[in-house]
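Protein chains in written order, with the working numbering: chain U, 1 to 66; chain X, 1001 to 1686.
Quick reminder that beta carbons are idealized off the backbone N, C-alpha and C, glycines included.
Below you'll find the structure, written out as C-alpha cells, and then a few comments.
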Amino acid sequence: MMQSLFSFGTHFQHAWSVLHSVLREIFDESAYARFLERRQVVTSPRAYAEFLDETQAQRERRPRCC
Amino acid sequence: MSKSARAVVWLVVAASGALSVATIAIHRGEEINAMWLVVAAVCSYTLGYRFYSKFIAARVLALDALRATPAERLENGRDFVRTNKWVVFGHHFAAIAGPGPLVGPVLAAQFGYLPGTLWILAGAVFGGCVQDFVILLFSVRRDGKSLTEMAKDEVGRLGGFVAYVAVISIIVILLGVCALIVVNALKASPWGTFTIAMTIPIALLMGVYLRRLRPGKVLETSVLGFLLVLLAIWGGGWASHTPAVGQYFALSAPTLAIFIIVYGFAASAMPVWLLLAPRDYLSTFVKLGTIAMLALGILALRPTLHMPALTRFIDGTGPVFAGSVFPFAFVTIACGAISGFHSLIASGTTPKLISRETETRMVGYGAMAAESMVAIMATIAACVLQPGTYFAINSPAGIVGQLPEAATAMISSWGFSVTASDMHSLAQAVGEQTLFNRTGGAPAFAVGMANIFSHSIGGQALMAIWYHFAIMFEALFILTVLDAGTRVGRFMVQDALGHVWKPLGRTSWYPSILVNSALIVGAWGYFLWQGVKDPLGGINSLWPLFGISNQLLATVALCVATTIIIKMGRARYAAVTLVPLTWLVAVTFSASYYKIFDPNPRIGFLAHARQLATAAASGATPSPATARLIFNDRLDAAVTAILIVMIAMILIESASGWVRIIAGRKQPVLRESPFVATRFATEEQA
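In C-alpha cells:
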C-alpha cells in the first residue's frame, strides 16, 4: 500500500515537473533563464528589457495558428 | 507486459474504437451520448499513433536517433535549443491550437454530428497528423528551414512561389474571417465588448508588472492577468445592466469592424510590446486552461447530443453556409482534420527545439492528434444544443428573417422545433439581448460550452458568466491571432517588396512599416468589411474561402513531402502523403468549382452576382449597395480561381518531377543537411 502510494507520488511529482517545464517554455521563462545564463547576469528590469529586445524579431515573426 | 498481454490490450482498444465509430455511424432517430465520440476519438488517435505513425517512422522516413538535430548542431541558446520532448510537444500544441478547430466543427454541425466527426477522425489520422509529422521531420533534416524554402529547394522555384502566395493568401483570408467572427460575437453585446475592452488595460498592467516589478515571471503575471480578466467578466455583467455605461459598449458590427481594423494596424505598425506580448501570454494561458476545462467538463457531464447524426442540410440547402456535405464539410473543418497552416509551425520554431529525430513522431503526429481532439470537443459543444437553438443562433437574417417569430417559424418548419420565447429565455440566461443572427460559430460554441460548464459547476446561475467567459476566451485568442498574423504578413510583404526596392524590405524603416502594414491590414480589412456588410452574414462566403486557402497550403505541404519521399528512394511508400493529397485536391477543386460556377446564388459567387445584377436592373434593390456586393462576389470568385490555378501549377510541377525521377530521367537531389552523428548517442542508448 505504502509502496504504491509512494510510486503514485513519484509519478505525480514527475508529471508536475514536466507540466511546469512545458509551461515555462511556452511562456518564455526558460528562454529568459537561458539568456541570463548565457550573459552571466542576474534578473533585473534591465536584463529583462535586453532579453525582450534580443528576442523581439523572433517573437514578432512567430505565427499563431488558425 | 508480455507480448500477448500487449496484443490483448490493443485488440480491446481496436474493438472499443470500432464499436464507438459503428454506434456513431449507425444510430438514427435517437440521441446518443457524447462519450461515444470521445471513445471513438481516443481509440482512433491511439491506434493511429501506435501503428500508423510507427510504420511511417520506421519504413517511410527511417528516423535516425543517431543523427544530430539542428538543435544540437546549431545550438545557440536562442532559436536552436535542445529541449525535452514533452516540453516541445506542449510548445507545439500551444502554437497549432487556434480558433479553427473550435469554429469549423461548430459550423459543420449543420450537417449533423456524423460527417464532421468522421472527417475529423479520418482526416487527422491519415492526413493532418501525417502532414505535421513529415514536414516537421523534413524541416529538422534541413536545419529548420521553412515550408516555402523547402518548396523552393525540393520542388522548384515555382513551388516556392506558390507556397509564398498560398501563405500570404491564407494569412489575409484567415485574418478577415477571424475578425468577422469576433465582430459577430461582440456586436450589440455590451457585456462581451466591455470584457474584451478591459483586456487592454489588463495587458498594459501585466506589461508593467512583468517589466518593472517581476522581470521574466510570465506565468505568475499570466495568473494575475487571468484573475483580472475574471473580474472584467463580472464587470461586464455590471456594465450591461447599467445603461449609462452599457450604451458605450453596445456597438454595431460596422463600428466594431472599424475598431478592429485600427487595432490591427496599430498592432502591426507601432512598437506596442507593452500591450501585445502580455496579451499573447494571457491568451495562451486562457486558451490552454479553457481547453483543459472543456475536456474535464465533457468527461464529468457526459452530455447527450441533441443534434441528429445527419440533417436534411447535407443536400446543400443549409442556412449556416450553403453547399452539400461533399465537398463543403471538408473545407469547413480544416484545422481539426488537416490544416496547411500547421506546416508553417512544423517548419518554424518547433524543428529548432527537437533533440532527437525520433521525437518528431510524438511532437508532429501526437500534437495534431491532440488538436483533433479539441475539434471533437467543439463538435460536442455544438451538438449538445437543441438543433432549433443551434440554427436560430447560426442562421443569418437574410435566410430566416429579422423578426424572432419569423425566424423561429422558419426553423421549426425545417423540423427543428424552437420558439421565440425559448430563444428569449436563453438570451436572458446568458446575459444577451438576443441570440438570433449570431453567425460565425463563436456564439453557438459559447452557448454549448456554457451549457456544459453550468451543468458541471454553478448551474443556471452561472450560465451568463460561463457564456461570456467562452466569448472572452474566443475573442481574446482570435485577436492575438489577428495581431500576430498581421505582423507576420507585414514581414512577408516587406521581404517580397525588398526585392523590388531595397528600402521597402528594411523592417526598421518606418515608412516601409506603415506602407506594408496598411497593405496587409487593408487586404484583410476589406474581407472583414465585405463580411460585415453581407446580408447573408459573411461566413457563408468567407469561411469556405478560408477553408480552400488553408487546404491549398496543405496541398503545397503534401506536394513537398511527396517529392522528398520519392527523392529519398521510397516511392513505394509515397501513398502515405499522396492519398491525403489526392483527397485534398478533389475537395479543393470541387469546392472551388461550386463556389465560382454553381448556378445556386447561395453557393456560386458568379450566380449571386448575376442575381443581384438582375434585381438591380429591375429596380428591386438600391444600386450603390448592389454594385458593391456584385464587385465583392466577383472578387471572391477571382480569388478562388487564383488559388485553384496555384494548386494546379504546383501539382503539375511536382508530378512531372515525380514521374521523371521514377522513370530514371532525373537524378534525385535531396537538399538535406549532411549527416552528423549525435554527441549524445551513448545517452540515447543508456
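- Secondary-structure assignment with DSSP links X:R1067 through a beta bridge to X:A1677.
- In the three-state reduction of the DSSP assignment, X:I1032 falls in the strand class, which pools E and B.
- The residue from X:A1257, X:V1223 and X:A1277 with its alpha-carbon nearest to that of X:N1184 is X:A1257.
- The shortest C-alpha to C-alpha distance from X:S1421 to any of X:F1445, X:E1405 and X:E1432 is the one to X:E1405.
- X:L1305 sits in a strand when the DSSP states are folded into three classes.
- Rounded to whole angstroms, the gap between the alpha carbons of X:I1260 and U:R24 is 31 Å.
- Taking the beta carbon of X:R1211 as reference, the chain U residues within 7 Å of it are P45, Y48 and A49, listed in sequence order.
- The count of Cβ pairs closer than 8 Å, one atom from the segment 1194-1208 of chain X and one from the segment 1461-1478 of chain X, reaches three, so the stretches are in contact.
- About 6 Å separates the beta carbons of X:W1119 and X:A1329, which is inside the 8 Å limit, making them a contact pair.
- Here X:L1102 is not near X:V1384, since their CB atoms are 8 Å or more apart.
- Residue pairing by DSSP puts X:T1083 in a beta bridge opposite X:I1354.
- Taken in chain order, the whole beta strand (DSSP E) runs of length 3 or more contained in the segment 1423-1470 of chain X number zero.
- Counting along the chain, X:V1515 sits inside the alpha helix (DSSP H) bounded by residues Y1510 to K1533.
- By the Cβ neighbour-count rule, X:G1459 is exposed, with fewer than 16 other Cβ atoms within 10 Å of its own.
- Boundaries of the alpha helix (DSSP H) around U:Q56: P45 to E60.
- If the five residues before and after X:A1095 are omitted, its C-beta is found closer than 6 Å to the C-beta atoms of I1345, all from its own chain and listed in chain order.
- Any Cβ of chain X closer than 8 Å to the Cβ of U:S4 would place that residue at the interface, and such an atom is absent.
- With the rule of 3 Cβ pairs closer than 8 Å, the segment 1666-1683 of chain X counts as touching the segment 1068-1076 of chain X.
- Residues are counted here when their Cβ sits less than 9 Å from a Cβ of chain X; for the segment 18-33 of chain U these are V18, L19, H20, S21, V22, L23, R24, E25, I26, F27, D28, E29, S30, A31, Y32 and A33, given in chain order.
- Going by C-alpha positions, X:H1091 is about 15 Å away from X:F1133.
- Neighbours of U:Q40 in chain X, taken as residues at a C-beta separation under 7 Å, are lacking, since the least C-beta distance is about 12 Å.
- Per DSSP, reduced to three states, the secondary structure at X:T1419 is coil, with no helix or strand assignment.
- For X:V1325, the uninterrupted alpha helix (DSSP H) segment begins and ends at V1325 to T1332.
- Not flagged as an interface residue toward chain X: U:Q13, since no C-beta distance is shorter than 8 Å.
- Residues of the segment 1482-1512 of chain X with a C-beta less than 7 Å from any C-beta of chain U: A1484, G1485, R1487, V1488 and F1491, listed in chain order.
- By the Cβ-count criterion, X:F1093 is buried, with 16 or more other Cβ atoms from all chains shown falling within 10 Å of its own Cβ.
- Taking a beta-carbon distance threshold of 8 Å, X:Y1365 does not count as an interface residue toward chain U.
- By the 16-neighbour rule on beta-carbons within 10 angstroms, X:L1643 is buried.
- Rounded to whole angstroms, the gap between the alpha carbons of X:F1051 and X:M1568 is 22 Å.
- No Cβ of chain U is located within less than 8 Å of the beta carbon of X:I1539.
- Look at X:W1414 here: in three-state DSSP terms it is coil, with no helix or strand label.
- Neighbours of X:L1102 in chain U, taken as residues at a C-beta separation under 7 Å, are lacking, since the least C-beta distance is about 10 Å.
- Using a CB distance below 8 Å, the part of the segment 1091-1118 of chain X facing chain U consists of H1091, A1094, A1095, I1096, A1097, G1098, P1099 and G1100, ordered along the chain.
- Nearest C-alpha to X:G1531 among X:A1496, X:T1507, X:L1629 and X:C1043: X:L1629.
- Using a CB distance cut-off of 8 Å, X:H1342 counts as an interface residue toward chain U.
- When secondary structure is reduced to three states using DSSP, X:D1143 falls in the coil class, being assigned neither helix nor strand.
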